[in-house]
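Using the numbering used here, the first residue of the first sequence is number 581, and each one after it goes up by one.
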Amino acid sequence: MVNNKPKDLLDEIFTKALSIQSLYKDRNVLRSDYIPLKLPFREKQIVAMGEALAPLLHKSKCSNLFIYGKPGTGKTAVAKYVLQRLEEKALTPNLKIKFAYTNTRVAGTEYRVLFDMAQSIGLSVPFTGLALNEVFRRITSEIESSTLTVVLVMDEIDFLIKKYSDDLLYELTRVNEQLPKGYVAIIGISNDLNFKEFLNPRVLSSLSEEEIIFSPYTAEELRAILSDRAKIAFFDNIVTEASINLCAALAGSEHGDARRALDLLRVSGEVAERECATKVEERHVRIAVQKIEQDRIVEVLKSLPLHAKLLLWTITSSEGVHSTGEVYEYYSKLCQKINVDELTPRRVTMLISELDLLGLIVAKIISKGRYGRTKQINPLIQLQLVREVFSEDLIMNSIL
DNA sequence: CCTCCACAGGAAGCGCAGGAGT
DNA sequence: ACTCCTGCGCTTCCTGTGGAGG
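Encoded structure:
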């Protein structure tokens, strides 16, 4: 009897799922990595990028390109779109144009940026172990021996430069001087307009031969984009105009982020579907806003390393405001209790800053005059949620 | 005005993992 | 088997600092 219960429950869910009509015609259209056939309000940028890269089709050199714009303004989509078309065009005259895309923030290190690049040109390289120079050498020799033209797109390039330096970029811009055969064009994409200051002048001049600026979408433009996509993603008359307007308004209120707007619409649809509603309405959008935030937090909480979890637990589980010293004291006791070596105060300050950056706590530096300078630390999330997520962690579970 | 607390946060470097070349 | 890479988490050592109390 007891054993049958979960079965029945599942059966109920599945039967229900079968019986309800899906609201989506094609859910993938709302995913952030989907590249639509048409990119509205970006014609100017597409033309500019196309013109900059066109010389490659008659085997001439092209300008390196710099693309600026806030997140979700279509930089990546436009770059991928144009390069896809370029690759297609290059097939017929059988030009060896390869397109290498890497997001330097996702890649994380210089090594992995080169690793991505090697993969894209069909060169296999171990994912760790080699010296940077060695990978670089292999890539250039591959480009030369196969006489490749490589268009290297470096997304969120500001991350790489800020974390390391512009050395790698400098090397890449110089590759063409060293290669008698083959060619590398670089497209840098950055969210940060001010990051040029981090570049040395030689790299800057070589990289920003041509610049394209992506301005944020207006709420009106977002509305048009969403309504276009909604037509492909959902069946007719599912999404109300009001909910599209709300999605556009919510995403537009920050800085015209189309990615967020599309996420919001997709999740709203999922919420409505789960409710077995026949339309996506404003209230589904409002639930979706909360759900997206909640999901993000749960993901972050799960992936926290043990000591960060311990710290977050001390901060959320005890009452009132905390100073770094208090938190450290409490945290040390907790460590002793579960027989784990505690980290040094220096490392703990670092972890607290990271928790702050993740938006899980607020840490504000305050001065108590004679009584020193410290951080005033406050949790931003509910104890209940933390407890729920941490209870899945074996070590954490023992102190909950 | 000066002092001095209780930290913040930068710099350097260590030990380890994971891997290549020889 | 040995040396040489890089990244990562962490420690050690350090200098910097806002403002209450003297």
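The C-beta atom is built at its ideal place from N, Cα and C for all residues, glycine as well.
Consult DSSP for residue i and reduce its assignment to one of helix, strand or coil.
i	result
residue 736	coil
residue 681	strand
residue 959	strand
residue 766	strand
residue 614	coil
residue 705	coil
residue 943	strand
residue 904	helix
residue 929	helix
residue 860	strand
residue 622	coil
residue 729	strand
residue 819	strand
Would you tell me roughly how many angstroms separate the C-alpha atoms of residue i and residue j, rounded to the nearest one?
i	j	result
residue 969	residue 870	17 Å
residue 828	residue 868	13 Å
residue 831	residue 690	33 Å
residue 942	residue 877	15 Å
residue 664	residue 636	14 Å
residue 608	residue 842	11 Å
residue 583	residue 597	With a pLDDT of 48 at residue 583, under the threshold of 50, the predicted position of this residue should be treated as unreliable, though the coordinate-derived value follows. If I take the Cα positions, the gap works out to 23 Å.
residue 921	residue 967	22 Å
residue 873	residue 755	44 Å
residue 856	residue 836	31 Å
residue 701	residue 763	12 Å
residue 779	residue 735	16 Å
residue 999	residue 961	Look at the range of the chain in this structure, 581 to 980, and you will see that residue 999 is not part of it.
residue 918	residue 975	8 Å
Can you check which of these residues, the options, is closest to residue i by C-alpha distance?
i	options	result
residue 654	770, 763 and 667	770
residue 899	959, 807 and 952	959
residue 972	786, 917, 926 and 886	886
residue 694	747, 845, 647 and 836	747
residue 642	608, 753 and 696	753
residue 862	590, 768 and 851	851
residue 730	820, 805 and 644	644
residue 757	775, 786 and 780	786
residue 791	590, 589 and 628	628
residue 634	974, 675 and 911	675
residue 938	860, 768 and 888	888
residue 614	652, 639 and 883	652
residue 625	795, 817, 606 and 738	795
residue 892	697, 930 and 866	930
residue 823	726, 640, 761 and 844	844
May I ask you to list the residues that DSSP assigns as paired with residue i?
i	result
residue 649	794
residue 604	814
residue 866	In the DSSP output, where bridge partners are listed per residue, residue 866 has none listed.
With residue i and residue j assumed to form a contact (beta carbons below 8 Å), what rounded beta-carbon distance in angstroms separates them?
i	j	result
residue 647	residue 659	7 Å
residue 703	residue 685	No, residue 703 and residue 685 are not in contact; Cβ-Cβ is about 23 Å, not under 8 Å.
residue 846	residue 610	4 Å
residue 849	residue 814	7 Å
residue 904	residue 955	5 Å
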